[in-house]
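The block underneath contains the structure these notes are about, expressed in structure tokens.
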């Protein structure tokens, strides 16, 4: 019984991690340790890929952007993320991508965590990229080219440092101010940071090429002649229909690794290719049922579009981390009458 | 510019209506006036049905229940609801259905409202039922049979009183305690309330038959011989695959009205019928392009499963009502760096 009928019971309360608390939690754990831990959660969930309830994200497109819901479940927990993608937003002082997410108990259907996911998405995307690169990048890779120096660039770079072990990053963006921002933010990271004047210059000597640009169009950030043998391409920015970053010839030449094929087919670089274009599912590389990098000369391509299971991993991580901490507040989100059938009575008694 | 870089800006804040604030708002407006106003919002949105981005709900089923996301958009606003359905929950002291919802600006992708929707769903479901009954019930209907006396029963009854003008309700539930609860809650409603010992008794003299039971199975709450001519059946409880309330013969005999056919096909009473079974879309009745009740002897059936547009209407209503009130709090849900591309810098500066 409740001690006070007007106070919500514990069942009515959902832990909520605000932006402020997410930032406090990240500083408490440390950015690189958290990226490493997140990559572990993502890798664990890719390893049990087959048991997840999987569905392509549910997208609502408009002329200026997209709003998406990305649900999944492992049978015990259910998670979903709300995320928008509006490239024009930055010109108006808003984020291209904002997100929040929710984790619920499959057995009761009750939410157990609501959290900001704008920052968390940048963290999980970087962790996933680095986790994939661990399997796909050439052994001993030391240098990454980071093309597109927007909101994700520092996270991508630090994840590759923490998880793959790079010691150098070469930056390029068509807006040099964006490059200056990343260089400044990474100045004390322990990495050698080189600002470059062109994409060609950025990829010189790099074993990992990360593209993360935001234009909602079929762009050509990398052309075929720019990409030599033995590199790993981590293509992050192409993530919706009509939005790609690589010239078709590179995609044709590379060995492609994907998250969830039905989604990559319509959102990734794969949308440029015929239906029978071969690819490998990343989870199969992680479970050992498919080969990752085969030899030193191979060009590997992680055609990343972001999948709900990665958000699920991030939600699990946050749920586990905030227990017995003050990095959350309780939100009175769920109606919880003493008698579950007496919703109306609860309403009347609150008058 | 922000006055304090560590305080979230207005753009980062999302108005949140808690359960407590929802109850305060309902009392401020009044239950019946709010049901009437909600029915108006739902009717307005049914009238512009064709311009909505419509999709069947995205359901994740388990052995014990379902978790669903119900998104829609009118091109200017985007809304979705999270809702679970777990009939076994009441035995464990939990709600069968809990819900929350979100409204966002399509142009920016930024959320503009987060709200509890457990109570609001009961309100909008009742408002929608009564709005449909206004077009489908026999003229001058005075009496409703309310079969299934769970959490929705009082809301359904008061909406039929406020919008259709009934003055009498006849209650039945297999659990007499549930009936006692509803009778008690409606004692001062101004309605004649009759507790009945069987479904047969409850429907005596009733022009509107509302079924709202929760078993996740193909049940037969009404058999064919129970239903005379000239009644309107408001079937609320059958709302997922394998869950129906009416004997097939009634469904075959009635003129069926539905919300969104692709969803009703798999979730409503319609799932009992062959693919070519005729039905009318409710929005067409409201716009005048299809006929509602044709004559006094006809049996009409609103095969209600609940559709995203009804939640969208409810979200619009709440957004409009809370402006310049204290029925909400601001939630720090969205990361909003001064420079949208400098998410990492915002994180670092918060340390």
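Chains as they are written, first to last, in the working numbering: chain A, 1 to 351; chain B, 1 to 351. We treat Cβ as the ideally placed atom computed from N, Cα and C, and that holds for glycine.
Reduced DSSP category for residue i - H, G, I as helix; E, B as strand; rest coil
| i | result |
| --- | --- |
| residue 93/B | coil |
| residue 143/B | strand |
| residue 75/A | coil |
| residue 115/A | strand |
| residue 324/B | coil |
| residue 209/B | strand |
| residue 26/B | helix |
| residue 57/A | coil |
| residue 84/A | strand |
| residue 309/B | helix |
| residue 11/A | helix |
| residue 19/B | helix |
| residue 163/A | helix |
| residue 367/A | No answer is possible for residue 367/A: the residues shown for chain A start at 1 and end at 351. |
| residue 259/A | coil |
| residue 234/A | strand |
| residue 302/B | strand |
| residue 46/A | helix |
| residue 331/A | strand |
| residue 168/B | strand |
Option nearest residue i by Cα separation, candidates the options
| i | options | result |
| --- | --- | --- |
| residue 223/A | 253/A, 230/A, 68/A and 138/A | 253/A |
| residue 316/A | 64/A, 102/A, 69/A and 274/A | 102/A |
| residue 270/A | 293/A, 285/A and 241/A | 241/A |
| residue 93/B | 199/A, 120/A, 86/A and 108/A | 108/A |
| residue 220/B | 341/B, 247/B, 99/B and 272/B | 247/B |
| residue 295/B | 164/B, 138/B, 272/B and 310/B | 138/B |
| residue 228/A | 299/A, 24/A and 164/A | 299/A |
| residue 174/B | 164/B, 186/B, 146/B and 284/B | 146/B |
| residue 133/A | 114/A, 156/A, 151/A and 112/A | 156/A |
| residue 275/B | 281/B, 297/B and 266/B | 266/B |
| residue 312/B | 160/B, 62/B and 69/B | 69/B |
| residue 318/A | 10/A, 13/A and 28/A | 28/A |
| residue 332/A | 208/A, 114/A and 205/A | 114/A |
| residue 106/A | 89/B, 104/B and 110/B | 89/B |
| residue 391/B | 150/B, 289/B, 206/B and 149/B | What the structure shows of chain B is the stretch from 1 to 351, and residue 391/B is not part of that stretch, so it cannot be assessed. |
| residue 210/A | 60/A, 245/A and 53/A | 245/A |
| residue 249/A | 237/A, 261/A and 226/A | 226/A |
Residues that residue i contacts on chain B, provided the C-beta gap is smaller than 7 Å
| i | result |
| --- | --- |
| residue 154/A | 344 |
| residue 80/A | 69 |
| residue 86/A | 108 and 109 |
| residue 64/A | 107 |
| residue 23/A | 347 and 350 |
Rounded Cβ spacing between residue i and residue j (contact assumed at less than 8 Å)
| i | j | result |
| --- | --- | --- |
| residue 268/A | residue 324/A | Their Cβ separation, rounded to whole angstroms, is 40 Å, which puts residue 268/A and residue 324/A out of contact at 8 Å. |
| residue 193/B | residue 202/B | No, residue 193/B and residue 202/B are not in contact; Cβ-Cβ is about 12 Å, not under 8 Å. |
| residue 166/B | residue 142/B | 6 Å |
| residue 58/B | residue 56/A | Not really, about 10 Å apart at Cβ, beyond 8 Å. |
Contacts that residue i makes with chain B (C-beta to C-beta distance below 8 Å)
| i | result |
| --- | --- |
| residue 58/A | 55, 58, 69 and 71 |
| residue 26/A | 347 |
| residue 285/A | Near residue 285/A there are no residues of chain B at all, since even the closest Cβ is about 27 Å away, more than 8 Å. |
| residue 116/A | 332, 333, 334 and 335 |
Cβ shell of residue i (< 7 Å), same chain only, five flanking positions each side left out
| i | result |
| --- | --- |
| residue 34/A | 26 and 123 |
| residue 99/A | 81, 82, 83, 117, 118 and 121 |
| residue 328/B | 15, 16, 17, 21 and 322 |
| residue 6/A | Residue placement at residue 6/A is flagged as unreliable, the pLDDT there being 48, under the threshold of 50; a coordinate-derived value is accordingly withheld. |
| residue 36/B | 162 and 163 |
Proximal residues of chain A, C-beta to C-beta of residue i below 9 Å
| i | result |
| --- | --- |
| residue 11/B | 93, 94 and 95 |
| residue 104/B | 67, 82 and 84 |
Proximal residues of chain A, C-beta to C-beta of residue i below 7 Å
| i | result |
| --- | --- |
| residue 341/B | 90, 150, 151, 178 and 181 |
| residue 125/B | Near residue 125/B there are no residues of chain A at all, since even the closest Cβ is about 12 Å away, more than 7 Å. |
Own chain partners of residue i with C-beta closer than 6 Å, once the 5 adjacent residues on each side are dropped
| i | result |
| --- | --- |
| residue 279/B | 256 and 258 |
| residue 185/B | 154 |
| residue 76/A | 106 |
| residue 111/B | 14, 102 and 104 |
Closer than 8 Å at the beta carbon, the chain A residues around residue i
| i | result |
| --- | --- |
| residue 100/B | 111, 333 and 334 |
| residue 119/B | 335, 343 and 347 |
| residue 185/B | 342, 344, 345 and 348 |
| residue 122/B | 343 and 344 |
Any C-beta of chain E under 7 Å from that of residue i
| i | result |
| --- | --- |
| residue 20/A | The structure shown contains no chain E; its protein chains are A and B. |
Own chain, CB closer than 8 Å to residue i, minus 5 neighbours either side, in chain order
| i | result |
| --- | --- |
| residue 348/B | none |
| residue 343/B | 335 and 337 |
Contact list for residue i against chain B, beta-carbon separation under 9 Å
| i | result |
| --- | --- |
| residue 75/A | 62 |
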